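Numbering (my numbering), first residue to last: 13 to 476.
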């Protein structure tokens, strides 16, 4: 009869929690069957973790390695993993017995019934232990939530590492592009200095009007402004890279020219595979798991908590013939009866938190699909733009050479040569910009595909 009453009480308390709230159907994610852009999806070749080495520049490889070792954001993320691992151990310790030892001693003098002084020396030693029986899974669910938080922190760290590597590569590409544009500006400045000197002689001899001289002087000053502006941009770019490397602003070691960086073809996975290849999505998924486990912890609070305790020890004194052993065994059951709706409110909070995590996962997945699509589109279109820009540059170089010859032969005004030179300068700078943009699009595609990331296997996430 007593067993039936106890079981009925447990069922009554469990019923107070109500039905378990489920994740909203609107948070579900359905991956597209294929990409809108044909990027060779489903390629067997996988992306390597050191994907930046595919650009073929040892100097770039060294910079990325230095950033992954010394970047401040990477170190902060690693510290958060250590914090989450310690938190996991703390939560897991609640499911293990707690054992303590104690001791006490004293010395005193008192009078006995006959008025004679009595010296007394005594001491006590004890061992205590306690253990909570996790009959209803509260501690196990808390441990599972802490483990999911640890996995999420590891995925967040990997997300930061991927972002830092991508930022270093993009910054390096930008630096090499600026150096190429500086070379173009210096070449243009030297060419216009020669032309200015030539037109001065022609003007002095009466072969060129003063207008040509003024225009040549103006174009020379335009090129003269471009050189320091580009140098300033290079300095800012180097300082930004230095920050990513975790060091004070300074010069960046030379490496391959922008033309020497290889524009590789990135193997693109199917949309469903992307969900398993990105650390930010893994983090969002682990946050859902952690929040779902916390919901079960909140529901377990409606059920009794059973605590076992034991202690043993001995008392010794000079007035006792032998030490006296002491022990005790006990147990306690604590069940909620009335808390003014606090337990139900905590369950509602946990359910809402879990739903927020589920919607955050959906957003992360949809964002990933969009980022891959955009990167593939940019990669293809920029390749087409670059090819057209290179043809335009070649045509303008021919036009400039013809305009120079016609002007010097007296068949065309100087304005024709100026227009051709302006167009050629713009085209040369545009080719560099497009080549850098194409390389950056490859970096973005690598990053949007997860950069070769894979989830930890087995229990590595909770290893000491």
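The beta carbon of each residue, even a glycine, is placed where N, CA and C say it ideally should be.
Remember, predicted model here, so these are calculated numbers, not experimental data.
Pair within 7 Å by beta-carbon distance, residue i and residue j
i	j	result
residue 181	residue 389	no
residue 457	residue 382	no
residue 43	residue 284	yes
residue 63	residue 464	yes
residue 172	residue 89	yes
residue 293	residue 376	yes
residue 319	residue 153	no
residue 311	residue 346	no
residue 398	residue 452	no
Sequence-distant residues of its chain with Cβ nearer than 7 Å to residue i (five each side left out)
i	result
residue 227	426 and 430
residue 146	107 and 152
residue 265	71
residue 31	none
Residues of its chain near residue i, where Cβ-Cβ distance is below 8 Å and the 5 sequence neighbours each way are ignored
i	result
residue 419	425, 426, 428 and 429
residue 84	258
residue 104	155 and 158
residue 174	291, 459, 462, 463 and 465
residue 242	190, 193, 194 and 197
residue 229	208
residue 436	405, 408, 409, 411 and 412
Beta-carbon contacts of residue i that lie in its chain and below 6 Å, excluding the five residues immediately before and after
i	result
residue 56	Since pLDDT at residue 56 reaches only 48, below the 50 mark, its modelled position is unreliable, and the value read off the structure follows with that caveat. Result list for residue 56: empty, nothing under 6 Å.
residue 460	383, 384 and 387
residue 54	With a pLDDT of only 49 at residue 54, under the threshold of 50, the placement of this residue in the model should not be trusted, and no figure is reported.
residue 35	370
residue 238	197
residue 299	164 and 369
residue 466	none
residue 313	355
Coarse secondary structure for residue i, derived from DSSP in three states
i	result
residue 146	coil
residue 321	strand
residue 184	helix
residue 285	helix
residue 21	A caution first: residue 21 carries a pLDDT of 46, below 50, which makes its placement in the model unreliable, though a value can still be read off. Three-state DSSP puts residue 21 in a helix.
residue 435	helix
residue 111	strand
residue 373	helix
residue 138	strand
residue 272	helix
residue 156	helix
residue 133	strand
residue 219	coil
residue 258	coil
residue 252	helix
residue 189	helix
Cβ separation of residue i and residue j, assumed to be a contact under 8 Å, to the nearest whole Å
i	j	result
residue 201	residue 245	The Cβ separation is near 16 Å, so there is no contact.
residue 140	residue 115	About 12 Å separates the two Cβ atoms, so there is no contact after all.
residue 184	residue 72	5 Å
residue 38	residue 324	58 Å between Cβ atoms; not a contact.
residue 100	residue 162	5 Å
residue 440	residue 412	Their Cβ separation, rounded to whole angstroms, is 11 Å, which puts residue 440 and residue 412 out of contact at 8 Å.
residue 75	residue 176	Rounded, the Cβ-Cβ distance is 11 Å, inconsistent with contact.
residue 402	residue 444	At roughly 11 Å, the Cβ-Cβ gap does not stay under 8 Å, so residue 402 and residue 444 are not in contact.
residue 302	residue 160	4 Å
residue 358	residue 267	Residue 358 to residue 267, Cβ: 57 Å. No contact.
beta-carbon residue i near the ligand FMN non-hydrogen atom, thresh 6 Å
i	result
residue 250	With respect to small molecules bound, the structure shown includes none, and the ligand FMN cannot be examined in it.
Quick one: which unbroken beta strand (DSSP E) runs of 3-plus residues sit fully inside the segment 41-106? Chain order, please. none
Which parts of the segment 325-359 are runs of the beta strand (DSSP E), unbroken and 3 residues or longer, counting only runs that do not cross its ends? 336-346
Whole runs of the alpha helix (DSSP H) within the segment 393-449, excluding any shorter than 4 residues: none
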